[in-house]
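What follows is a set of notes on a single structure, which appears directly below.
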Amino acid sequence: MLTRFAPSPTGELHLGHAYSAIAAHDAARGAGGQFYLRIDDFDGSRSRGAYVDAALTDLAWLGLSWDGPPVHQSQRLGDYDAALAGLRARGLVYPCFCTRADIAASLAAPHGPAGTLYPGTCRHLAPRERERRLDEEPHCWRLDMRRATALEGELWWEEEGQGAHPADPAAHGDIVLARKDAPASYHLASTLDDAMMGVTHVVRGADLIASTDVHRLLQALLGLATPVYRHHALVCDAAGKRLAKRDAAASLAALRANGVDGEKLAADLRAGRLPAGYSLQMP
Ligand code: GLU
Numbered sequence: 015m016l017t018r019f020a021p022s023p024t025g026e027l028h029l030g031h032a033y034s035a036i037a038a039h040d041a042a043r044g045a046g047g048q049f050y051l052r053i054d055d056f057d058g059s060r061s062r063g064a065y066v067d068a069a070l071t072d073l074a075w076l077g078l079s080w081d082g083p084p085v086h087q088s089q090r091l092g093d094y095d096a097a098l099a100g101l102r103a104r105g106l107v108y109p110c111f112c113t114r115a116d117i118a119a120s121l122a123a124p125h126g127p128a129g130t131l132y133p134g135t136c137r138h139l140a141p142r143e144r145e146r147r148l149d150e151e152p153h154c155w156r157l158d159m160r161r162a163t164a165l166e167g168e169l170w171w172e173e174e175g176q177g178a179h180p181a182d183p184a185a186h187g188d189i190v191l192a193r194k195d196a197p198a199s200y201h202l203a204s205t206l207d208d209a210m211m212g213v214t215h216v217v218r219g220a221d222l223i224a225s226t227d228v229h230r231l232l233q234a235l236l237g238l239a240t241p242v243y244r245h246h247a248l249v250c251d252a253a254g255k256r257l258a259k260r261d262a263a264a265s266l267a268a269l270r271a272n273g274v275d276g277e278k279l280a281a282d283l284r285a286g287r288l289p290a291g292y293s294l295q296m297p
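The opening position of the sequence shown corresponds to residue 15 in this note's numbering, with each subsequent residue numbered one higher.
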């Protein structure tokens, strides 16, 4: 068994990250397997080295150990490019020049699991206009979801302990695989890296279950193995809201600075005992 914890170094880790890292760590260690860290820093404009250092300190403070050096997505951009080029050669992706405002203004834009669906404007551009604008305008690359799902048919993944879970990528519309402002997207980078790292079990928060719809399709398109998934409950605050990076009180660095014993906190989280005011909830 090989699991991973994959923080994005765009802020401090909080109790929710601790819960997730412990779950992935314990799953591997309990099976005599390996636990890796991946730093999801392909977005160079938002990632900070200081958050990487802080995350490693937090995890060690919780008493977690990991195998090998962490994998950095910023070192993996060539692989993301190559995968995108392969999909482009198969006519499965297209450049999109729309701004957020364009998409929001489109009355036709329906909604999906992650907000507004892309209405498909740039899917229909004439080849000559597309070529001209490619040279001149900032663009992202989108998956042609209709073609991709027609190619792959019905898909599902194994949700640990629950059996086959149907994947519904079509509900997400033409998702972005390479952003305008970054050389990949979370979906593309995460799917490729989980496969490259040999991750057998993806243990992560249930907020990401909808992403698994998309990851499963990308695995099929790119000929990658499908790991088993375990989507766990989320740490929520007193109002029942999932923790976010801005919830400074729940940051591990703050708890550490306040003299909290990290290994005791980890033991409590394992037992489902959360600090006062926090609870575990399934979305
Ligand atoms: N970097 C992603 C996050 O922090 C990883 C999610 C995942 O586990 O796939 O949300």
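For every residue, glycine included, the Cβ atom is placed at its ideal position computed from N, Cα and C.
All values derive from a computational prediction rather than experimental measurement.
Cα-Cα separation between residue i and residue j, rounded to whole angstroms
i           : j           : result
residue 293 : residue 217 : 19 Å
residue 289 : residue 259 : 17 Å
residue 227 : residue 183 : 5 Å
residue 243 : residue 146 : 42 Å
residue 16  : residue 187 : 31 Å
residue 286 : residue 126 : 32 Å
residue 128 : residue 222 : 10 Å
residue 181 : residue 272 : 43 Å
residue 124 : residue 130 : 6 Å
residue 239 : residue 49  : 18 Å
residue 206 : residue 230 : 11 Å
Classification of residue i by the beta-carbon crowding that lies within 10 angstroms, buried from 16 upward
i           : result
residue 176 : exposed
residue 79  : exposed
residue 165 : exposed
residue 83  : exposed
residue 249 : buried
residue 213 : buried
residue 150 : exposed
residue 225 : buried
Close Cβ partners of residue i (< 8 Å) along its chain, the five nearest in sequence each way excluded
i           : result
residue 116 : 135
residue 102 : 155
residue 76  : 32, 35, 36, 266, 276, 277, 279 and 280
residue 251 : 257, 261, 264, 291 and 292
residue 246 : 33, 34, 37, 217, 218, 219 and 220
Other residues of its chain near residue i: CB distance less than 7 Å, five sequence neighbours each side excluded
i           : result
residue 144 : 109
Are the stretch 103-120 and the stretch 130-150 touching by the rule of at least three beta carbon pairs closer than 8 Å? yes
Unbroken stretches of the beta strand (DSSP E), 3 residues or longer, contained in the stretch 19-89: 48-53
May I ask you to verify whether the stretch 180-200 touches the stretch 85-102, counting CB pairs closer than 8 Å and requiring at least 3? yes
Taking 8 Å as the threshold, find out whether the stretch 166-175 comes into contact with the stretch 228-235 through three or more Cβ pairs. yes
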